[in-house]
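K.L.:
Take the sequence shown: its position 107, counted from the start at 1, is 107 in the UniProt record's numbering, and no numbers get skipped.
Beta carbons are placed, not taken as given, at the ideal position from N, Cα and C, and that holds for glycine.
The structure follows.
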Amino acid sequence: MNEKKSYDVLFIGDCSFWSEAACEFISSLFSQVTHVFWERGMEKNPIVSTWRGDWIISFKSDLILPEYILNHAGKGAINFHPSSPKYRGLGGYHYAIDNHDASFGATCHHMDEYIDHGQIIQTSEFRLSPTETPEMLRYRTAVHSLTLLYDVCIKIYHDEPLPRSSVCWSDRLFSHQELERYLTRPRKPIEHVKAGEKI
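Written out as structure tokens, the structure reads:
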């Protein structure tokens with residue numbers, strides 16, 4: 001059995017089963033893993049600011065990392081965004097269903113000073129079901145996000161160059177406030193929310 005890779009990793013995930021599984025897998029690959037599980041409304045763990053190491057791996061997390069923290073990762077900082085590049089930020093599950101999108105997916109990308117913005121490494125797309133609900137889509141996307149993490153982290157373990165996807169992000173960033181307004185709006189006939197439109 002091969003030894004763990006001598007990398008110091010900061011793992012940041014939400015408080016879901018999926019993030020626990022992702023953290024367990026990362027811990028099986030790398031020698032030193034500091035983990036932080038965070039959800040909106042929780043206090044931020046000060047270790048995020050003081051950590052220094054090789055890789056930051058963010059998985060399904062809404063925690064925004066300023067550029068100075070990203071610079072603490074000597075090798076790189078990557079994020080697994082549980083949505084297609086069409087939907088930066090939050091709410092992609094809802095918008096994709098209401099827009100009758102044919103497909104959805106998970107996106108792995110390098111992190112920079114902007115939210116869901118850095119060079120895309122790899123995506124994992126799948127067709128939407130005709131009876132899709134936001135909760136079903138959340139679950140299915142988590143499966144693809146975790147599988148994508150397995151693939152990318154094995155590449156990191158072997159020091160393989162990470163891919164550069166030709167897929168680009170949309171210009172629009174969907175905020176938490178916009179999502180709240182969208183979910184509490186009067187339920188008229190479905191409004192199609194396009195990447196360039198305002199809610």
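Determine contact between the segment 171–178 and the segment 88–98, defined as no fewer than three beta-carbon pairs at a distance below 8 Å.
P.N.:
As far as the Cβ criterion goes, the segment 171–178 touches the segment 88–98, which means the pair count is three or higher.
K.L.:
Answer yes or no: do residue 183 and residue 72 have a C-beta to C-beta separation smaller than 8 Å?
P.N.:
In this structure, residue 72 does not lie closer than 8 Å to residue 183 by Cβ.
K.L.:
State the beta-bridge partners of residue 76 as determined by DSSP.
P.N.:
DSSP output for residue 76 lists 55 as bridge partner(s).
K.L.:
Under 8 Å between the Cβ atoms of residue 82 and residue 168?
P.N.:
Not a contact, by the Cβ cut-off of 8 Å.
K.L.:
Taking all protein chains shown into account, decide if residue 114 is buried (16 or more other Cβ within 10 angstroms of its Cβ) or exposed.
P.N.:
Looking at its Cβ environment, which holds fewer than 16 other Cβ atoms inside 10 Å, residue 114 is exposed.
K.L.:
Expressed to the nearest angstrom, what Euclidean distance is found between the alpha-carbon atoms of residue 51 and residue 21?
P.N.:
Computed Cα separation, rounded: 22 Å.
K.L.:
By DSSP, does residue 119 sit in helix, in strand, or in coil?
P.N.:
It is coil, neither helix nor strand.
K.L.:
According to DSSP, is residue 176 helix, strand or coil?
P.N.:
The answer is helix: DSSP assigns residue 176 an H, G or I state.
K.L.:
Should residue 123 and residue 141 be called a contact, given that it needs their Cβ atoms to be closer than 8 Å?
P.N.:
Contact flag unset, no.
K.L.:
With a threshold of 7 Å on Cβ separation, who are the neighbours of residue 103 within its own chain once the five nearest residues in sequence on each side are excluded?
P.N.:
So the list reads 125, 126, 127 and 128, once near-sequence residues are dropped.
K.L.:
Which two residues bound the contiguous beta strand (DSSP E) that contains residue 131?
P.N.:
Note, residue 131: premise wrong, no beta strand (DSSP E); not H, not E.
K.L.:
If you draw a straight line from the alpha carbon of residue 8 to that of residue 41, how long is it in whole angstroms?
P.N.:
Distance between the alpha carbons of residue 8 and residue 41 is about 28 Å.
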